[in-house]
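Let me begin by presenting the structure, written as structure tokens, before commenting on it.
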Amino acid sequence: MPRNRTLRLFGSVMSYLLLAVILLVVCFPILWMLLASFKTQVQIQSPEHLFLFTPTGKNYAAVFQNYDFLKPILNSFIVAAGSTLIGLVIGLPASYAVSRYRMGTLGALILMIRFLPGITFLIPWFTIFSRIGLIDTYTALILSHLLINLPFIIWLMVPFFDAMPKELEESARVDGCYTVESFRRITLPLASPGAITGGLLAFVFSWNNFVFSMVLCGGRTKTLPLAVFNFVSYALIDWGALMAASVVITLPVLAIAFLTQRYIIQGLTAGAVKG
Amino acid sequence: MKTGRMRGGTPPAAVLETMQANDWIEKHVRTLFTLPALVFVVVMVAFPLGYTVVLSLRDWNLTTGSAPRWVWLGNYASLFADARFWAAMGRTLAFSFGAVAIETVLGVAVALFLNREMRGKNLTKTLFLLPMVATPVAVGMVWLLIFEPTIGLANHMLGLLHVDPQPWLTSRKTALVSLMLVDVWQWTPIIMLVTLAGLAILPRDPYDSARIDGAGPVQILRRITLPLVMPTVLVGILIRLIDALKTYDIIYSTTQGGPGESTETLNILGYVLGFSYFRMGLGAALIVLFVLTVTAVSLLVLALKNNVDRRVGW
């Protein structure tokens with residue numbers, strides 16, 4: 087018996103060791119970004135300072151002073167918040183209708199958008215938006231980001247409304263309450279956990295978006311991913327500042343991810359599992 | 266004030282009007298709830314798609330400033346005759362199928378490993394989200410640093426293992442494979458999470474009878490677990506494959522399709538044709554072909570999934 091127990095202990099130690107290795111691989115690049123953001127250019131370039139170094143805050147100061155990151159942060163925030171809010175205002179009633187009135191075709195149509203390459207829309211949007219003078223405006227960016235946010239919110243909220251009990255709404259309806267009223271006063275408050283998470287995730291997708299900004303942005307509305315990317319075009323890359331900028335853009339995303347993790351897993355794997 | 270007016274007698278015209286308006290809204294609530302979304306889809310999706318198809322039949326070069334003219338299938342013909350197009354197509358397919366194949370093997374393996382009572386399982390699932398949600402451009406930047414040939418960590422580690430340093434993203438030979446590595450790091454988690462969700466809902470009965478029949482763990486894995494979880498894994502593969510074909514941020518932010526054209530996928534080539542050469546018609550034609558490719562691959566995987574579903578009786 088003791089031999090068997092030793093064997094089992096060995097097995098479980100090995101599993102946790104394996105788990106630790108997997109986690110290290112998964113987290114490492116993000117940790118590396120964080121570490122490098124506190125190193126000087128010299129420390130980044132020398133192998134003696136891989137893990138042991140005196141941290142410096144200079145990179146973060148440079149990001150805001152030399153490279154003026156406040157404006158792109160503000161731009162990204164306006165575009166992400168704007169497209170998320172509009173996405174919720176349009177998406178919540180639509181997903182409610184798709185769920186309650188079984189409008190499967192419309193639901194499927196909107197989901198299909200998720201699978202179209204973003205670049206499909208760049209040429210038409212660019213030509214149309216330049217003709218009506220919308221290039222380098224928040225309007226164009228918010229509209230383009232809605233293409234990601236709206237299908238996502240609908241994708242997440244239709245199953246959410248499906249799973250919600252209908253009795254409360256129905257009894258309100260029997261009492262003579264209009265659908266708009268019962269939706270606003272009963273359904274929406276009950277759906278708010280899902281709506282808030284959906285909104286936060288939509289915010290992340292918009293915040294992360296790079297491809298639409300490349301074409302629709304100009305000097306006035308440059309978003310964060312574009313500002314980070316522009317670092318690379320300098321002849322000598324200021325690695326420390328680049329990593330600090332990357333941390334600045336990634337940190338809010340990671341915070342939101344931790345807050346909403348359960349729903350992200352659900353959202354990312356939605357439709358994959360029957361049941 | 267309002268309640269005073271409501272009391273007794275016939276309601277005044279203003280109130281009647283709101284009541285009628287409310288009734289009208291109630292009658293058309295389905296339409297009203299979906300109309301804004303529908304308008305968005307028509308204006309921002311359907312119309313641009315149609316526009317792209319029409320544009321793909323025209324020659325329109327923004328740099329010359331000449332008016333667009335109809336060339337019908339001319340753009341498609343020149344793409345089919347262009348080696349650069351076929352090379353980009355080959356790269357797109359190689360990158361996607363290669364990366365997703367590795368992600369599937371690793372993701373299913375890790376899911377099988379985690380599918381047991383274990384401390385820290387939830388923390389693991391949370392941390393697995395990191396690569397997927399982190400801003401792609403930032404992820405690209407940190408891999409650019411890790412892969413940097415002289416100061417990067419990748420070559421430093423190889424040095425410790427007495428392996429020659431590699432050029433990674435800076436050589437035509439290794440750039441695409443390096444990008445596949447990044448994709449594998451970024452997206453293996455989703456296959457893992459989908460598989461784990463599928464494993465959680467497997468029926469117990471086949472396992473009980475297999476154990477009574479004296480089947481070993483390897484046999485149970487091969488004969489029961491893998492076939493039963495396969496439909497779920499295939500949906501994960503489908504989602505992943507579509508997204509892999511569309512990969513843009515990581516490639517453009519690290520190599521912009523280079524060195525040379527060695528990491529130029531269809532996505533990147535479409536961007537280059539449209540916004541570096543300003544050949545709008547040609548770019549539109551490429552995008553139409555690209556969307557068709559994505560659709561074809563999706564249908565292929567769906568057919569495969571239906572086949573598997575039928576075999577396991579879903």
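Chains as they are written, first to last, in the numbering used here: chain E, 87 to 361; chain Y, 266 to 579. Note that CB positions come from ideal geometry on N, CA and C, so glycine has one too. Predicted, not measured: the structure shown is a model, and the values here were computed from it.
query = Does the count of Cβ pairs from the segment 226–245 of chain E and the segment 327–337 of chain E closer than 8 Å reach three?
reply = Because the criterion of three Cβ pairs below 8 Å is not met, the segment 226–245 of chain E and the segment 327–337 of chain E do not touch.
task = Look up Y/W289 in the DSSP assignment and say whether it is helix, strand or coil.
result = Three-state DSSP puts Y/W289 in a helix.
request  = Write down every uninterrupted run of the alpha helix (DSSP H) in the segment 347–418 of chain Y whose length is 4 residues or greater and which is fully enclosed by it, in chain order.
outcome  = Within the segment 347–418 of chain Y, the complete alpha helix (DSSP H) runs of at least 4 residues are 348–379, 386–392, 394–398 and 401–411.
ask   = From the beta carbon of E/C303, is the nearest beta carbon of chain Y less than 7 Å away?
value = Not an interface residue.
key: E/Y349, buried or exposed, once every other Cβ within 10 Å from all chains shown has been counted against 16   = Classification of E/Y349: buried, given that the 10 Å Cβ count is 16 or more.
inquiry  = Please confirm whether E/F163 has its beta-carbon closer than 7 Å to some beta-carbon of chain Y.
reply    = The C-beta of E/F163 comes no closer than 7 Å to any C-beta of chain Y.
ask   = Since Y/V442 is in the alpha helix (DSSP H), which residue starts that stretch and which ends it?
value = It spans A440 to A465 - the alpha helix (DSSP H) in which Y/V442 sits, taken as one unbroken run.
query = Which ranges would you report for the alpha helix (DSSP H) in the segment 215–259 of chain E if only whole runs of at least 4 residues count?
reply = For the segment 215–259 of chain E, the full-length alpha helix (DSSP H) segments reaching 4 residues or more read 224–249 along the chain.
message = For the alpha helix (DSSP H) containing E/Q129, name the first residue and the last one.
response = Annotation for E/Q129: the continuous alpha helix (DSSP H) segment containing it runs Q127 to Q131.
query = Y/W630 touches chain E at which residues, Cβ-Cβ below 8 Å?
reply = Summary: the structure shown does not reach residue 630 of chain Y, with chain Y confined to residues 266 through 579, and so no result is reported for it.
query = At a cut of 8 Å, does the segment 319–328 of chain Y reach the segment 494–502 of chain Y through at least three beta carbon pairs?
reply = With a cut-off of 8 Å, the segment 494–502 of chain Y and the segment 319–328 of chain Y do not count as touching, because too few Cβ pairs lie within range.
inquiry  = Are the CB atoms of E/V301 and E/L208 within a distance shorter than 7 Å?
reply    = Yes, Cβ-Cβ distance for E/L208 and E/V301 is below 7 Å.
inquiry  = Going by C-alpha to C-alpha distance, which of E/E253, E/L274 and E/Y264 sits closest to E/F246?
reply    = Per the Cα distances, E/L274.
inquiry  = At a CB distance below 7 Å, what residues from the segment 256–289 of chain E approach chain Y? Give them in sequence order.
reply    = Answer in chain order: Y264, T265 and V266.
query = Got a sec: is the Cβ-Cβ distance from E/A183 to anything in chain Y below 7 Å?
reply = Interface residue, yes.
inquiry  = In this structure, how does DSSP classify E/R348 when only helix, strand and coil are distinguished?
reply    = If DSSP states are grouped into helix, strand and coil, E/R348 belongs with the helices.
message = Three or more C-beta pairs under 8 Å: does that hold for the segment 278–294 of chain E against the segment 308–317 of chain Y?
response = With fewer than three CB-CB distances shorter than 8 Å, the segment 278–294 of chain E does not count as touching the segment 308–317 of chain Y.
query = Just curious, the alpha helix (DSSP H) that Y/Q484 is in, first and last residue?
reply = Note, Y/Q484: alpha helix (DSSP H), P482 to I485.
Where E/L171 meets chain Y, residues with beta-carbon distance less than 8 Å = In chain Y, no part has a C-beta under 8 Å from the C-beta of E/L171; the shortest such distance is about 13 Å.
query = By how many angstroms is the C-alpha of Y/V449 removed from the C-alpha of E/V112?
reply = Cα to Cα, E/V112 sits roughly 10 Å from Y/V449.
message = Taking 7 Å as the threshold (beta carbon to beta carbon), is E/Q151 in contact with chain Y?
response = No, because no Cβ of chain Y sits closer than 7 Å to the Cβ of E/Q151.
key: Contacts that E/G204 makes with chain Y (C-beta to C-beta distance below 8 Å)   = Per Cβ cutoff of 8 Å: K511 and Y513.
As assigned by DSSP and simplified to three states, the class of Y/D324 = It is a strand residue.
Minimum Cβ-Cβ distance from E/A53 to chain Y less than 7 Å = A question about residue 53 of chain E goes unanswered here, because the residues of chain E that appear run from 87 up to 361.
request  = Hey, could you find the ends of the alpha helix (DSSP H) E/Q151 is sitting in?
outcome  = Run containing E/Q151: K144 to Q151, per the alpha helix (DSSP H) assignment.
query = Y/A520 lies in the alpha helix (DSSP H); which residues open and close that run?
reply = Strictly speaking, residue 520 of chain Y in this sequence is Thr, with Ala absent from that position. No alpha helix (DSSP H) contains Y/T520, which DSSP labels as neither H nor E.
ask   = Comparing the CB of Y/V559 with every heavy atom of the ligand ADP, is any distance shorter than 6 Å?
value = As far as ligands go, the structure on display features none, and thus does not contain the ligand ADP.
ask   = Candidates Y/L379, Y/V553, Y/F412 and Y/R437: which alpha carbon is nearest E/I108's?
value = For E/I108, the closest alpha carbon among the candidates Y/L379, Y/V553, Y/F412 and Y/R437 is that of Y/L379.
query = For Y/W335, does the three-state DSSP call read helix, strand or coil?
reply = Y/W335 falls in the strand class under three-state DSSP.
task = Report the neighbours of E/M119 on chain Y: residues whose CB is nearer than 9 Å to its CB, in chain order.
result = Ordered by position in chain Y, the residues that pass the 9 Å Cβ test against E/M119 are A399, A403, V404, M406, V407 and L410.
Contact set between the segment 511–542 of chain Y and chain E, restricted to residues whose Cβ is under 7 Å from the partner = Listed in sequence order: K511, Y513, D514, S518, N532, G535, Y536, G539 and F540.
task = Please determine, among Y/E291, Y/T283, Y/L281 and Y/E282, the residue with the shortest C-alpha to C-alpha distance to E/G262.
result = Cα-wise, what sits closest to E/G262 is Y/E291.
Partner residues on chain Y for E/A343, Cβ-Cβ distance less than 9 Å = Against chain Y, the beta carbon of E/A343 has neighbours under 9 Å at T391, L394, L395, M397, V398 and A399, listed in chain order.
request  = Return the chain-ordered list of same chain residues with a C-beta closer than 8 Å to the C-beta of Y/T328, the five sequence neighbours on each side being excluded.
outcome  = Within the same chain, Y/T328 has close Cβ partners Y542 and F543.
C-beta contact flag for Y/G405 and Y/S518 at 7 Å = Yes, the Cβ-Cβ distance between Y/G405 and Y/S518 is below 7 Å.
ask   = Which same chain residues, not among the five before or five after Y/L388, have their C-beta less than 7 Å away from its C-beta?
value = Residues of the same chain with their beta carbon placed closer than 7 Å to that of Y/L388 are lacking, with the five preceding and five following residues left out of the count.
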